[in-house]
Amino acid sequence: MGYCYGNDLRRRVIEAVDGGLSARAAAARFSVAPSTAINWHRQWREMGSFAPARQGKPPRSRLDSYEAFILGLVEDIKDIVLTEIAERLMNEHGVRVHPTTIWYFLSKRGLTHKKRRATRPNKSARTSEPGARTGSTGSSTSTRNA
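The numbers in the sequence shown follow the numbering used here, run straight up by one, and end at 146.
Here's what the structure looks like:
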């Protein structure tokens with residue numbers, strides 16, 4: 001993660017703009033991007049502060065208030081997929097989220113959301129040609145033809 005500029009530099013850029021210099025000229029003078037100087041001065045005008053905002057992830061998820069609903073879905077419907085959970089959230093609560101957001105939500109609670117294989121592995125029959133090397137592409141089939 002990158003570091004933010006120091007408050008001293010921010011203060012000097014804002015003072016230069018307040019002193020009559022354009023934001024672009026102040027940016028060139030202090031070797032910062034013009035958009036940076038413009039944003040700093042806008043923040044100073046609107047909020048009265050030039051301190052940097054907090055960096056990093058938000059401390060909580062927007063799905064925290066729907067925790068009981070989501071965990072209830074996972075408990076009731078064992079083979080539900082993440083896209084179905086997202087659709088149910090949209091239909092029943094009007095909350096639009098990406099399935100990845102739901103995956104992170106479940107992961108933070110120690111839940112894995114994986115499906116099991118539909119069938120058990122075959123222990124009685126070969127699954128490759130006899131004499132085939134590992135990773136061989138000589139045979140395009142995975143079992144012998146009868």
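All residues carry an ideal CB built from backbone N, CA and C; glycine is no exception. As the structure is a computational prediction, the values presented were derived from the model and not from experiment.
Segment limits, alpha helix (DSSP H) that includes residue i
i, result
"D8", "7-18"
"F69", "67-76"
With 16 other Cβ atoms within 10 Å as the buried cut-off, status of residue i
i, result
"A26", "buried"
"A51", "exposed"
"L111", "exposed"
6 Å CB neighbourhood of residue i in its chain, flanking five on each side removed
i, result
"T83", "P99"
"P59", "none"
"R24", "P34"
Chain-order list of residues whose beta-carbon lies under 7 Å from that of residue i (same chain, five-residue window excluded)
i, result
"S136", "At S136, the pLDDT of 49 sits below 50, so the modelled position is not reliable; the number obtained from the coordinates is stated separately. Excluding sequence neighbours, S136 sits near nothing in its chain."
"R88", "L73"
Residue-chain proximity (residue i, chain C), Cβ-Cβ < 9 Å
i, result
"A26", "Here chain C cannot be found, since the structure has a single protein chain."
Spatial neighbours of residue i in its chain, beta-carbon cut-off 8 Å, leaving aside the 5 residues before and after
i, result
"K108", "S61"
"I85", "I70, L73, V74, P99, I102"
"R12", "F30"
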